[in-house]
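Visitor: Take the sequence shown: its letter number 256 is residue 657 in our numbering, and every next letter is one higher. Here a beta-carbon is modelled for each residue, glycine too, at the ideal position from N, C-alpha and C. If you're wondering where the values come from, they're calculated on a predicted model, not measured in any experiment. Mind having a look at this structure? Questions to follow.
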Amino acid sequence: MNVLVTGGSGFIGRYLVDELVENGYKVSVLTRQSSLKIKGVKVFQGDITKPETFSHLLKGVDAVFHNAAYAMDWGRKSLIYRVNVEGTRNVAEVCKEKGVERIVYTSSAGVYGFPNTNEWIREDSPKKPLNAYQKSKFEGENVLRSYSGLHVSIVRPPLVFGAGAKATRIVLSKMEQSRMPFIGDGNNYISIVHPRDVAQCLRLALEKDKKGEEFNVVSFITTIREFFEEAAAELKVKPPEKHIPYPFAYVAAFFNEFFTKEPSLTRFRVKSLGTTRRVSCEKAKKVLGYKPRYDLKSTVEDMVS
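In structure tokens, the structure reads:
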């Protein structure tokens, strides 16, 4: 099967390309990086905000993995919208024009917002996106659903941690410098997924999703305390000891956003690390046969490697 991966040079995209190649797919990658080279993969330079740069690539393509996005919790709202919403619309338009009916979309569990409850978050849970990025991913889903004739599968990963991620580098760097505090008591639950597990779920969505549905993908659920302690042990440093009350951290993040051009602390990050979010992936396991390959220990080992 011939597939095109948008954003194939990105963090999740690189793992997805490897997953597809390992499973016998003929893969083409759309990227803005002209110098990118991947063995056994055709790489094309283009931009999803400019359909004329990639429309010709869909000839002979059976399916598109739409993975390209502006994945930042802070940035110009206009840029986030242009890439994540209008770019997604361009992909859908070109697919319909070229007769490519199958799209697998990498969305985000951020579409659920941060309910801060011990109740499981399932695919039909209320959608309450908080920031521009989360809102753009939810709108991207709605854009794809608005096109009749397209068979769209949607995969929603929560916090993604693994070797090479910007979030990984930030967490490890702060822990090595003893600058990573707990927000609250550290006993809140977080849902984490390794990018290789995201890639597996994306592939399975193409192969097994017959209806065009939504799927959460999670590797494991742990408390933020357990996560930090495991990371500290792997780094051979002392685990965090400092606690910042959640209300104080949230207010500090608000002012940090207001007065800082590129804030190191945002309300999104406070909510990500300081509230409980238990995302269920039982549907992916049942419908797609998804089996997580990573747990807390193996994910942290990969992060530190």
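Should the segment 609-623 be called in touch with the segment 431-443, which here means at least 3 C-beta pairs below 8 Å?
Guide: Touching, no, given that fewer than three Cβ pairs across the two stretches are closer than 8 Å.
Visitor: Between the C-alpha atoms of Lys684 and Ser429, what's the straight-line distance to the nearest angstrom?
Guide: Working through the sequence shown from its first residue, we reach residue 684 at position 283. Working through the sequence shown from its first residue, we reach residue 429 at position 28. The alpha-carbon atoms of Lys684 and Ser429 are separated by roughly 29 Å.
Visitor: Going straight from the alpha carbon of Val404 to that of Ser526, what length do you get?
Guide: To locate residue 404, count along the sequence shown from 1; it is residue 3. To locate residue 526, count along the sequence shown from 1; it is residue 125. Taking the straight line joining both Cα atoms gives about 31 Å.
Visitor: Residue ranges of each beta strand (DSSP E) run of no fewer than 3 residues wholly in the segment 413-485, ordered along the chain?
Guide: Listed in chain order, they are 427-432, 443-446, 464-467.
Visitor: Count Cβ pairs between the segment 443-461 and the segment 633-646 that sit closer than 8 Å; are there 3 or more?
Guide: With a cut-off of 8 Å, the segment 633-646 and the segment 443-461 do not count as touching, because too few Cβ pairs lie within range.
Visitor: Please identify the residue among Met402, Asn424, Val705 whose C-alpha is closest to the C-alpha of Arg570.
Guide: Working through the sequence shown from its first residue, we reach residue 570 at position 169. Taking only the C-alpha atoms, the option nearest Arg570 is Val705.
Visitor: Which residues does DSSP list as the beta-bridge partners of Val625?
Guide: Position 224 of the sequence shown, counting from 1, holds the residue named residue 625. Strictly speaking, residue 625 in this sequence is Ile, with Val absent from that position. BP columns for Ile625 are empty, so no partner.
Visitor: Could you spell out the range, first to last residue, of the beta strand (DSSP E) harbouring Asn403?
Guide: Numbered from 1 along the sequence shown, position 2 holds the residue referred to as residue 403. Counting along the chain, the beta strand (DSSP E) containing Asn403 begins and ends at 403-407.
Visitor: Please classify Gln434 as buried or exposed, where buried requires at least 16 other C-beta atoms within 10 Å of its C-beta.
Guide: By one-based count along the sequence shown, residue 434 stands at place 33. Exposed, because fewer than 16 other Cβ atoms sit within 10 Å of the Cβ of Gln434.
Visitor: Can you give me the Cβ contacts of Lys427 inside the same chain, cut-off strictly under 6 Å, excluding the 5 residues immediately before and after it?
Guide: What you label residue 427 is simply residue 26 of the sequence shown in a count that begins at 1. Correct list, in chain order: Asn403.
Visitor: For Ser554, which residues does DSSP report across the bridge?
Guide: Residue mapping note: residue 554 aligns to position 153 of the sequence shown, counting from 1. Answer is Val505, bridged to Ser554.
Visitor: Going by the CB atoms, is the gap between Gly425 and Val418 shorter than 9 Å?
Guide: Reading the sequence shown from its first residue, position 17 is the one you call residue 418. Reading the sequence shown from its first residue, position 24 is the one you call residue 425. Not a contact, by the Cβ cut-off of 9 Å.
Visitor: Compute the Euclidean distance between the alpha carbons of Cys496 and Val462, then round it to the nearest angstrom.
Guide: Translated into the one-based positions of the sequence shown, residue 496 becomes position 95. Translated into the one-based positions of the sequence shown, residue 462 becomes position 61. Each residue's Cα considered, the two are about 9 Å apart.
Visitor: In this structure, does DSSP put Ser592 in helix, strand or coil?
Guide: In the sequence shown, residue 592 corresponds to position 191, counting from 1. Three-state DSSP puts Ser592 in a strand.
Visitor: Taking all protein chains shown into account, decide if Asp696 is buried (16 or more other Cβ within 10 angstroms of its Cβ) or exposed.
Guide: Locating residue 696 in the sequence shown gives position 295, counting from the first residue. Asp696 should be labelled exposed.
Visitor: I'd like to know if the segment 589-604 and the segment 679-693 are in contact, where contact means that at least 3 CB-CB pairs between them fall below 8 Å.
Guide: At 8 Å Cβ cutoff, the stretches touch.
Visitor: Roughly how many whole angstroms lie between the Cα atoms of Lys698 and Ile504?
Guide: The count along the sequence shown starts at 1 and reaches residue 698 at position 297. The count along the sequence shown starts at 1 and reaches residue 504 at position 103. Whole-angstrom Cα-Cα distance: 33 Å.
Visitor: Helix or strand or just coil, what does DSSP make of Phe515?
Guide: Counted from its first residue, the sequence shown places residue 515 at position 114. Coil.
Visitor: From which residue to which residue does the alpha helix (DSSP H) around Asn543 run?
Guide: What you label residue 543 is simply residue 142 of the sequence shown in a count that begins at 1. Run containing Asn543: 533-546, per the alpha helix (DSSP H) assignment.
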